[in-house]
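Novice: After the structure tokens below, expect a handful of questions from me.
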Amino acid sequence: MAVNAYIVLPCYNEEEVLPETSRQLLELFVQMKKDALINEESRIVFVDDGSRDKTWELISLYSSEHEQICGIKLAKNAGHQNALLAGLMTVKDACDCAISIDADLQDDIAAIPEMIKKFINGCDVVYGVRSKRDTDTFFKRNTAMGFYKAMSVMGVNTIPNHADFRLMSRRALNSFSEFTEVNLFLRGMVPLVGYKSDKVYYERKERFAGESKYPLKKMLSFAFDGITSFSVTPIRLITALGAIVCVFCVAAAVYALVQKLLSHTSAGWASLMISIWFLGGVQLLSIGLIGEYIGKIYKEVKRRPRYIIEEYKK
Ligand code: UDP
Ligand code: MG
Numbered sequence: 001m002a003v004n005a006y007i008v009l010p011c012y013n014e015e016e017v018l019p020e021t022s023r024q025l026l027e028l029f030v031q032m033k034k035d036a037l038i039n040e041e042s043r044i045v046f047v048d049d050g051s052r053d054k055t056w057e058l059i060s061l062y063s064s065e066h067e068q069i070c071g072i073k074l075a076k077n078a079g080h081q082n083a084l085l086a087g088l089m090t091v092k093d094a095c096d097c098a099i100s101i102d103a104d105l106q107d108d109i110a111a112i113p114e115m116i117k118k119f120i121n122g123c124d125v126v127y128g129v130r131s132k133r134d135t136d137t138f139f140k141r142n143t144a145m146g147f148y149k150a151m152s153v154m155g156v157n158t159i160p161n162h163a164d165f166r167l168m169s170r171r172a173l174n175s176f177s178e179f180t181e182v183n184l185f186l187r188g189m190v191p192l193v194g195y196k197s198d199k200v201y202y203e204r205k206e207r208f209a210g211e212s213k214y215p216l217k218k219m220l221s222f223a224f225d226g227i228t229s230f231s232v233t234p235i236r237l238i239t240a241l242g243a244i245v246c247v248f249c250v251a252a253a254v255y256a257l258v259q260k261l262l263s264h265t266s267a268g269w270a271s272l273m274i275s276i277w278f279l280g281g282v283q284l285l286s287i288g289l290i291g292e293y294i295g296k297i298y299k300e301v302k303r304r305p306r307y308i309i310e311e312y313k314k
């Protein structure tokens, strides 16, 4: 039985990769139709995340040339996670299942037929998981590993080495639409939906054109968002740190009193300065971290739209 599958790709300044990406996907569509995996209603949906280059012009052109290609234009740059959500939520009622993948096709599209087969066999969510990380730099590989470790220590259930290459059924997407949070970390949220899931393994390639839209700064802030959106462990760590510092201070106070009673008093300048600086530092750190959570609460209670669609070319 051929299914109605939508492939959703967020694109931010991707004019260099779009011609090749659309060519490869159209080819894949021809093959999958031949194999009776997908039907004629299936679509490739490019979401333009407020690009400043020719990305939207290209998407418009392709969507007029090919019936299978659609385009969604966001009113402004909303970020990868929001753009992806915009795409998925727009197509969720039109498809049987939607597959999300980056526009640079670093994730292997050859895994898509496998994902669809697993969907046909009754899975609602199929995660694309990288079998190895040797195309990454030493730095990225190790920071990523540390990140997944830290997440699991803090009790967040993520699939290691899975990013945003995944298939979700219409049912899973509809359940997912009930998650109304504004701070998005999709790969942490999807497992919360439940239903039957499975994994497909693939090897991630290098970007074939253009450059990464995730510089180190964005990557770190994404990791930090992931942790603070899902775990209150950092707050608990601070409480523990506070307790330890208190015990330490009591010991120091006892020591100081004893010295005083024994008339060993000296200027005391060094110890005073050290403790002021140390405690000041700890307090600032704590307030900063608590502020991070309050900032999140602030964003959530405002319930601002997570993306705004300007145009939808079907
Ligand atoms: N992207 C987006 N909005 C942004 C940044 C990135 O839609 O603000 C898209 C980008 O076009 C690509 C995907 O997110 O399709 C992943 O970005 P990239 O390949 O640059 O990240 P990396 O693979 O280097 O982690
Ligand atoms: Mg990439």
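When we follow our numbering, the leftmost residue of the sequence shown carries the number 1, and every step to the right adds one.
Every residue, glycine too, gets a C-beta built ideally from N, C-alpha and C.
Given the structure is predicted, the values throughout are model-derived calculations rather than measurements.
At a cut-off of 8 angstroms, would you count Cys11 as near the ligand UDP, judging by its Cβ distance to the nearest heavy atom?
Specialist: Checking the Cβ of Cys11 against the ligand UDP gives yes.
Novice: Taking Cβ to Cβ, would you say Ala5 is nearer than 9 angstroms to Ile38?
Specialist: yes
Novice: Residues bridged to Tyr148 by DSSP?
Specialist: Looking at the DSSP assignment, Tyr148 forms no beta bridge with any residue, so it has no partner.
Novice: If you scan the region 119 to 185 from start to end, which runs of the alpha helix (DSSP H) of 4 or more residues do you find wholly inside it?
Specialist: 138 to 153 and 170 to 176
Novice: Can the beta-carbon of Ala144 be found less than 9 angstroms from the beta-carbon of Arg133?
Specialist: The answer is yes: Cβ separation under 9 angstroms.
Novice: To the nearest angstrom, report how far apart Gly226 and Cys70 are at their CA atoms.
Specialist: 30 angstroms
Novice: Mapping the DSSP letters down to three states, classify Cys97 as helix, strand or coil.
Specialist: strand
Novice: Identify, in the order they occur along the chain, each residue of the same chain with its Cβ nearer than 7 angstroms to the Cβ of Arg52, setting aside the five sequence neighbours on each side.
Specialist: Asn13
Novice: Looking at the unbroken beta strand (DSSP E) that takes in Leu9, where does it start and where does it end?
Specialist: Ala5 to Cys11
Novice: Can you tell me which of Thr180, Glu310 and Tyr202 puts its alpha carbon nearest to the alpha carbon of Ser229?
Specialist: Thr180
Novice: Between the Cα of Ile7 and the Cα atoms of Gln81, Leu58, Cys97 and Ala163, which residue gives the shortest distance?
Specialist: Cys97
Novice: Near Tyr307, which residues of its chain fall below 6 angstroms by C-beta distance, leaving aside the five closest residues on each side in sequence?
Specialist: If we look at Tyr307 and ignore the five residues flanking it on each side, its Cβ neighbours are Leu74, Ala78, Asn82 and Ala86.
Novice: Scan the region 249 to 309 and note each continuous alpha helix (DSSP H) run of 4 residues or more that stays entirely inside, going in chain order.
Specialist: DSSP runs (the alpha helix (DSSP H)) wholly in the region 249 to 309: 269 to 302.
Novice: By DSSP, does Asp225 sit in helix, in strand, or in coil?
Specialist: helix
Novice: Anyone know if the C-beta pair for Lys199 and Val129 falls short of 9 angstroms?
Specialist: yes
Novice: Thinking Pro10 and Leu84 are a contact (beta carbons under 8 angstroms), I'd like their distance in whole angstroms, please.
Specialist: 5 angstroms
Novice: Within 10 angstroms of its Cβ, does His80 collect 16 or more other Cβ (buried), or is it exposed?
Specialist: buried
Novice: Is Met32 close to the ligand UDP? I mean its beta-carbon at under 8 angstroms from any heavy atom of the ligand.
Specialist: False, no ligand heavy atom lies under 8 angstroms from that Cβ.
Novice: With the ligand MG as the reference, list in chain order each residue whose Cβ lies under 6 angstroms from any of its heavy atoms.
Specialist: Asp102, Asp104, Gln106, Arg207 and Ser212
Novice: Does the contact criterion of 3 or more C-beta pairs under 8 angstroms hold for the region 251 to 258 versus the region 199 to 218?
Specialist: no
Novice: Three-state secondary structure (DSSP) at Phe318?
Specialist: Residue coverage of the chain in this structure runs from 1 to 314, which leaves residue 318 outside it and unanswerable.
Novice: Going by C-alpha distance, which of Val282, Glu311 and Val182 is nearest Val301?
Specialist: Taking only the C-alpha atoms, the option nearest Val301 is Val182.
Novice: So which of Thr158, Met32 and Leu186 has the shortest CA-CA distance to Ala111?
Specialist: Met32
Novice: According to DSSP, is Tyr312 part of a helix, a strand, or is it coil?
Specialist: strand
Novice: Among all the DSSP beta bridges, which residues are the ones paired with Asp48?
Specialist: Its beta-bridge partners are Cys11 and Lys73.
Novice: Quick check: the Cα distance between Val45 and Arg141, rounded to an integer number of angstroms?
Specialist: 30 angstroms
Novice: Taking all protein chains shown into account, do 16 or more other C-beta atoms lie within 10 angstroms of the C-beta of Ala240, making it buried, or fewer, making it exposed?
Specialist: Counting of Cβ neighbours within 10 angstroms places Ala240 among the exposed residues, the total staying below 16.
Novice: Between which residues of its own chain and Glu57 is the CB-CB distance below 7 angstroms, once the five residues before and five after are set aside?
Specialist: none
Novice: For Ala72, which residues in the same chain have their Cβ closer than 8 angstroms to its Cβ, ignoring the five residues on either side in sequence?
Specialist: Reading off the sequence shown, one finds Ile at residue 72, where the question assumed Ala. These residues qualify, in order along the chain: Val45, Phe46, Val47, Asp48, Ala86, Gly87, Thr90, Ile309, Glu311, Tyr312 and Lys313.
Novice: Apart from the five residues on each side of it in sequence, which residues of its chain come closer than 6 angstroms, Cβ to Cβ, to Tyr127?
Specialist: Hits under 6 angstroms: Ile159, His162, Arg166 and Lys199.
Novice: Which of the three DSSP states, helix, strand or coil, is assigned to Arg43?
Specialist: strand
Novice: Consult DSSP for Ile38 and reduce its assignment to one of helix, strand or coil.
Specialist: Ile38 carries a strand assignment under DSSP once its states are collapsed to helix, strand and coil.
Novice: For Thr137, count the other beta carbons within 10 Å of its own beta carbon; 16 or more makes it buried, fewer makes it exposed. Which is it?
Specialist: exposed
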